[in-house]
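Asks: Residue numbers (our numbering), protein chains in the order written: chain P, 1 to 256; chain W, 1 to 263.
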Ligand SMILES: Nc1ncnc2c1ncn2[C@@H]1O[C@H](COP(=O)(O)OP(=O)(O)O)[C@@H](O)[C@H]1O
Ligand SMILES: [Mg+2]
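#1: Taking 8 Å as the cut-off, decide whether the C-beta atoms of residue 46 of chain P and residue 208 of chain P are in contact.
#2: Is residue 26 of chain W helix, strand or coil when you go by DSSP?
#3: Quick check on the DSSP output: the beta strand (DSSP E) that includes residue 190 of chain P runs from which residue to which?
#4: Quick one: is residue 159 of chain W near chain P, going by C-beta distance under 8 Å?
#5: Nearest chain P C-beta to residue 155 of chain W closer than 8 Å, yes or no?
#6: Please go through the stretch 19-96 of chain P and give each complete alpha helix (DSSP H) segment of 4 or more residues, from N-terminal end onward.
#7: Name the residue from P/5, P/185, P/129, P/197 whose alpha carbon lies nearest to the alpha carbon of residue 152 of chain P.
#8: In three-state terms, what does DSSP make of residue 84 of chain W?
#9: Roughly how many angstroms lie between the CA atoms of residue 74 of chain W and residue 133 of chain W, to the nearest whole one?
#10: Starting from the Cα of residue 87 of chain P, find the closest Cα among W/5, W/152, W/198, W/185 and give me that residue.
#11: Return the chain-ordered list of same chain residues with a C-beta closer than 6 Å to the C-beta of residue 142 of chain P, the five sequence neighbours on each side being excluded.
#12: Using the Cα positions of residue 212 of chain P and residue 44 of chain P, report the straight-line distance between them to the nearest angstrom.
#13: Here's the rule: buried if 16 or more other CB atoms are within 10 angstroms of the residue's CB, otherwise exposed. What is residue 146 of chain P?
#14: Residues in the same chain with beta-carbon distance under 6 Å from residue 256 of chain P, minus the five sequence neighbours each way, listed in chain order, please.
#15: To which residues does DSSP link residue 159 of chain P through a beta bridge?
#16: Note down, in chain order, every chain P residue with its Cβ under 7 Å from the Cβ of residue 21 of chain W.
#17: Counting only beta-carbon separations shorter than 8 Å, does residue 84 of chain P have a partner in chain W?
#18: Are the C-beta atoms of residue 167 of chain W and some chain P residue less than 8 Å apart?
#19: Just the C-alpha distance for residue 126 of chain P and residue 117 of chain P, rounded to the nearest angstrom, thanks.
#20: Check the Cβ-Cβ distances between residue 54 of chain P and every residue of chain W, and say whether any is below 8 Å.
#21: Should residue 241 of chain W go down as buried or exposed, given a rule of 16 or more other Cβ atoms within 10 Å for buried?
#22: Cβ closer than 9 Å: which chain W residues qualify as neighbours of residue 75 of chain P?
#23: In chain order, what residues of the stretch 103-119 of chain P put their CB closer than 7 Å to some CB of chain B?
#24: I'd like to know whether the C-beta of residue 13 of chain P is nearer than 8 Å to at least one C-beta of chain W.
#25: Strictly below 9 Å CB to CB, what residues from chain W border residue 80 of chain P?
#26: Ordered along the chain, which non-local residues of its own chain (more than five positions away) have a Cβ less than 6 Å from that of residue 57 of chain W?
#27: What does residue 7 of chain P pair with, by DSSP beta-bridge criteria?
#28: Could you have a look at residue 145 of chain P and say whether DSSP puts it in helix, strand or coil?
#29: Less than 7 Å between the CB of residue 160 of chain P and some heavy atom of ligand 2, yes or no?
#30: Pull up the CB-CB distance for residue 164 of chain P and residue 81 of chain P, whole angstroms please, since I reckon it's below 8 Å.
#31: For residue 248 of chain W, decide whether its Cβ has a neighbour in chain P, counting only Cβ atoms nearer than 8 Å.
#32: Residues in its own chain within less than 6 Å of residue 189 of chain P by CB, not counting five upstream and five downstream?
#33: With a Cβ-Cβ cutoff of 8 Å, do residue 76 of chain W and residue 9 of chain W count as a contact?
#34: If you run the structure through DSSP and keep just helix, strand and coil, what is residue 216 of chain W?
#35: Is residue 26 of chain P near residue 6 of chain P, with beta carbons less than 8 Å apart?
#36: Can a CB atom of chain P be found closer than 8 Å to the CB of residue 175 of chain W?
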């Protein structure tokens, strides 16, 4: 069953000094439990797409349906992870994780155990009473992922969540994300500008053109899971990366 | 050990400068009504407290300062909140705010005496007026400074405007509000003293003025000493509150580090 159907989606930002055509006629569908990666050059409208999917930005044209109903505003069954962790420094790790529970009045009591289990899942057990400034960048981003999962959303939207991390931490986070996904089987839309990261994580990679962004390719990644980091060196891995990169180069772009 | 020597050195330096002051005043026979020796100041201080005179005026000035501070900063906070949250309030009020902000508020003190008399009311109003603006401006700026990513996060969770205010904007504004309180406290004491200069029946400011008429310079020095200690203690109170409230603020930690070096 399809969770998301994006139809003829366009976005035009207009401001005093002209308008920016960010997205043009985007079409795609996502099935239940699928892990989708979206790659594209910087400024092609990836974040715009994510904000529209999250319901915090209205589209100029077209529509997005979540389980058949159009997205017209923020939804309670979506978890979002941004490029920076966006933690509230005045809340402890646990309180940050429980933010969606507080906002949506789901009841802290019932979610305390869920929060602890999730913190355990991302390897942050014992840190629940700490404050964000006491954590490293990678740990903060794990808190952000935990927060996105706490209210058991149907879908997880991630906007270059590991973009600010160093290469080593980033690989670790990729492994962890795969592990979490294998355990929870959420539908994930994962935006990145790293092609290897997209191929490593995703069932399907959507390749976007430069602005105005539209989808120029939809690549199925048929590498068995769980994928180890070494999979990046396997003979079946390189062709995916190569062909996606080829699409960019053909378009005359510097590779991402 | 190093700390011990620093403290010892500080005390030594303090004592020797007092001693030098005493010796210079005696050696050059500077008249007491121009520049009193520390011994004379100490005597004035003792006499003032022994007769109960200073306690009475100190109490009065403290009362004005604290009442005016609370009134002014509460009003400043609420109006600042209203301006930050409501575009119409901002549109209609902001021009006046800008106009009043550049006005030295103590210049209104004579008028306030005319309107409200020589009693406590008049001094509290004057003090409140001075304490009002730092809070107004800082609250306004603080509430509007919520980071766009954090706003997006709250929106993506379908948070109501009310929740965004209580869970994000307000805590986010606290460092600004606390900085405003810091300034307002200092201003409040100034406001109270100026109000007493202009016309009051009691208070340390009034005391300074009457001592000035009587050429009691040692007395004035002793009151100045009290005032500087009062100012310091009031400031410490705010600092203590600030540390409790802003334990999470990274810039607060930097401040703490700096102060630890100074102390
Ligand atoms: N709020 C906005 N107003 C006007 N233009 C915007 C706004 N947000 C993004 N843009 C423009 O839209 C384009 C796509 O932005 P974005 O979606 O952030 O790209 P990406 O995430 O792929 O780097 C960029 O050219 C950007 O300058
Ligand atoms: Mg982006």
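Virtual Cβ for every residue (Gly too), placed ideally from N, Cα, C. Computed from a predicted model, the values in this text were never measured in an experiment.
Replies: From the atom records:
#1: yes
#2: helix
#3: 187-192
#4: yes
#5: yes
#6: 46-54
#7: P/185
#8: helix
#9: 11 Å
#10: W/152
#11: 122, 124
#12: 6 Å
#13: buried
#14: The predicted position of residue 256 of chain P is uncertain, since its pLDDT is 42 and thus under 50; no value can be drawn from it.
#15: P/191
#16: Going along chain P, no residue has its Cβ under 7 Å from residue 21 of chain W, so there is no contact; the nearest lies around 47 Å.
#17: yes
#18: yes
#19: 11 Å
#20: yes
#21: exposed
#22: 156, 158
#23: In summary, chain B is missing from the structure at hand, where the protein chains are P and W.
#24: no
#25: 152, 153, 156, 157
#26: 202, 203, 204, 207
#27: P/63
#28: helix
#29: yes
#30: Incorrect: roughly 12 Å between the Cβ atoms, too far for contact.
#31: yes
#32: 36, 157
#33: no
#34: coil
#35: yes
#36: no
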